[in-house]
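Heads up: the sequence shown is residues -19 to -1, 1 to 211, going by mature numbering (1 follows the signal peptide of the UniProt record, and there is no 0).
Idealized CB from N, CA, C, for every residue including glycine.
I have placed the structure first, in the form of structure tokens, so that the comments after it can refer back to it.
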Amino acid sequence: GIYVAIVFLAASTVSVVNSDQDFSEEVFLDDIPIVCPLPQPNWRNTTTNIPHENNCVLFYKCKLGQGIEQICPLMIEGDPESRLHYNRRLQVCDWPWQAGCASCPIQYPNGTFPPPEKINNPANDCEYLQCENGHALGPFRCPTGTCFSRTCQECVRDRNNGKCNWEIPICIEGDRRLHDCYCNFYEECTRINGQLHWIQHVCEGGIHFSPTQKRCMLPNEANCPHIRHL
């Protein structure tokens, strides 16, 4: 028969609970992990899991900021192929009709639905469907050169291994840093045509840039480490 179980993955061991347990507590989208955190919060007692980019029976167990691929348990006794699906909202391996992967998640016992989310289009997993109140809207195509990732919940250029490949900015707009060689020069992070760049500036009148205060100051207050170059 069918195993009466939902498998929890947050612990280091696999736990089993009754299938009639109520999991309809409210889940906020901001609380659903999409990347492996580093450092891992409360790492001695909890484990973070994130969904696979396009395979419902796979997920990633996070360790030191990296995802290690795992597979959900078999679902039907004697069936070597049918497996539970990963439920990204609860971070568990769940029944396929509740997991919200191959199809939109069903209504909770209390009459409410899970928050809106996106799933891969079963007919073309580079596309996605938008799930709202148990109904699938779409399919929607991703921009050229991208595919939908269930991990990231958006279209990305390289979704393999759960990567969301967001570009890391070279600097934070408005930040300043001391020139590599000279005390009276500094660079400021400036946005030009939508891109961030380090732009060079000079402290006029013989004053120096302070690497700690990040502003031009009197030389005896700036504590510039490059004083030997002047």
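In the structure shown, the three-state DSSP call for Q111 is strand.
With respect to the 8 Å criterion, L110 and Y67 are not classified as neighbours on the basis of their beta carbons. In this chain, N204 is not harboured by any beta strand (DSSP E), its DSSP state being neither H nor E. Contact between C53 and G81 does not hold, since the beta-carbon distance rounds to 14 Å and is not under 8 Å. Rounded to whole angstroms, the gap between the alpha carbons of Q79 and N36 is 16 Å. In this structure the segment 157 to 165 lies against the segment 181 to 196, because at least three pairs of beta carbons, one per stretch, are closer than 8 Å.
DSSP, reduced to helix, strand and coil, places N141 within a helical segment of the structure shown.
Of the candidates T27, V73, I173, the residue whose Cα lies closest to the Cα of G155 is I173.
If the five residues before and after C136 are omitted, its C-beta is found closer than 8 Å to the C-beta atoms of Y109, C123, P124, T127, C128, F129, S130, all from its own chain and listed in chain order. In the DSSP assignment, the residues bridged to V183 are F166. Per DSSP, A104 has no beta bridge partner at all. Between the alpha carbons of K195 and P206 lies a distance of about 14 Å. For the pair F121 and C133, the Cα-to-Cα distance works out to about 16 Å.
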